[in-house]
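S.K.: First the structure, which I've put down as structure tokens, then a few questions once you've had a look.
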Amino acid sequence: MTVLTINGKQHQIDLPEDTPILWTLRDQLGMTGTKFGCGMALCGACTVHLDGEPIRSCVTPISAAVNKKITTIEAVEQDHIGKAVQDAWMALGVPQCGYCQSGQIMSATALLKKVPKPDDKQIMDAMSGNICRCGTYTRIHAAIKQASTTLAGSAGKAPAPAAKAKGEVK
Ligand code: FES
Ligand code: FES
Numbered sequence: 228m229t230v231l232t233i234n235g236k237q238h239q240i241d242l243p244e245d246t247p248i249l250w251t252l253r254d255q256l257g258m259t260g261t262k263f264g265c266g267m268a269l270c271g272a273c274t275v276h277l278d279g280e281p282i283r284s285c286v287t288p289i290s291a292a293v294n295k296k297i298t299t300i301e302a303v304e305q306d307h308i309g310k311a312v313q314d315a316w317m318a319l320g321v322p323q324c325g326y327c328q329s330g331q332i333m334s335a336t337a338l339l340k341k342v343p344k345p346d347d348k349q350i351m352d353a354m355s356g357n358i359c360r361c362g363t364y365t366r367i368h369a370a371i372k373q374a375s376t377t378l379a380g381s382a383g384k385a386p387a388p389a390a391k392a393k394g395e396v397k
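Taking our numbering, the leading residue of the sequence shown gets 228, the next gets one more, and so forth.
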């Protein structure tokens, strides 16, 4: 039995410890916001945060997440930076088919947590592992800049109450 902390809740997982986090999220817990693209750490569709770091959940076993915190797209808006990123995504109409976008948002949020005002190269470097077959790269780049600007403008103000997570699994 493996105990995983996902979006602030503990889950008892009765799967082999080498099971990828992605399959655990999608097939065991029904959290389908995180997507399967390549299964080989090549596309970024499966990106989640492990203790705040963006990781490819398709190649990361659940054993690597013991005593750590997993955050998925279902809870990213509970964080003010993740919320700003999602708001910018919606304001600029970033998604096309949408399949890659949860991974894009997770990578963008991780970037802005580390680098509040990333320059163009920092954005391209941080997002280079997230592939979009629809070619929404220009809007992704602009949305990251917009989220950064929004966050800079709200710095020092009291944070809004955390919104309830969508798709929360009990
Ligand atoms: S599905 Fe994990 S990187 Fe493509
Ligand atoms: S929006 Fe379609 S793959 Fe990125």
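All residues carry an ideal CB built from backbone N, CA and C; glycine is no exception.
Alpha carbons only, please: which of 247, 250, 256, 242 is nearest the one belonging to residue 236?
M.R.: The count along the sequence shown starts at 1 and reaches residue 236 at position 9. Nearest of 247, 250, 256, 242 to residue 236, Cα basis: 256.
S.K.: Short of 8 Å in beta carbon distance, which residues of its chain neighbour residue 360, apart from the five on each side in sequence? Order them along the chain.
M.R.: For the purposes of this step, residue 360 is taken as the residue at position 133 of the sequence shown. Hits under 8 Å: 324, 326, 327.
S.K.: Using only CA atoms, which one of 241, 336, 251, 348 lies nearest to residue 305?
M.R.: Taking the first residue of the sequence shown as 1, we reach residue 305 at position 78. When only C-alpha atoms are compared, the closest one is 336.
S.K.: Collect the residues with a C-beta less than 6 Å away from any heavy atom of ligand 1 and give them in sequence order along the chain.
M.R.: Ordered along the chain, the selected set is 263, 264, 265, 266, 268, 269, 270, 271, 272, 273, 283, 285.
S.K.: State buried or exposed for residue 318, treating a residue as buried only when at least 16 other CB atoms are found within 10 Å of its CB.
M.R.: Against the sequence shown, residue 318 aligns to sequence position 91. Label assigned to residue 318: exposed.
S.K.: Enumerate, from N- to C-terminal direction, the unbroken beta strand (DSSP E) stretches of 3 or more residues contained entirely within the stretch 234-318.
M.R.: Listed in chain order, the complete beta strand (DSSP E) runs (minimum 3 residues) inside the stretch 234-318 are 236-240, 274-277, 280-283, 296-298.
S.K.: Could you check if residue 360 belongs to the surroundings of ligand 2, using beta carbon to heavy atom distance under 7 Å?
M.R.: As a first step, residue 360 is located in the sequence shown; it is residue number 133 there, counting from the start. True, at least one ligand heavy atom lies under 7 Å from that Cβ.
S.K.: Tell me the rounded alpha-carbon separation between residue 367 and residue 281.
M.R.: Your numbering for residue 367 matches position 140 in the sequence shown. Your numbering for residue 281 matches position 54 in the sequence shown. Near 17 Å, if we compare the C-alpha coordinates of residue 281 and residue 367.
S.K.: Can you find the residues in the same chain that come closer than 6 Å, C-beta to C-beta, to residue 290, ignoring five residues on each side of it along the sequence?
M.R.: The residue labelled residue 290 in the question sits at position 63 within the sequence shown. Correct list, in chain order: 244.
S.K.: Going by other Cβ atoms of all chains shown within 10 Å of its Cβ, with 16 needed for buried, is residue 321 buried or exposed?
M.R.: The residue given as residue 321 occupies position 94 in the sequence shown. Residue 321 comes out buried.
S.K.: Just checking my contact of residue 271 with residue 358 at CB under 8 Å: how many whole Å lie between their CB atoms?
M.R.: On the sequence shown, residue 271 is found 44 positions in, with the first residue counted as 1. On the sequence shown, residue 358 is found 131 positions in, with the first residue counted as 1. Residue 271 to residue 358, Cβ: 6 Å. Contact.
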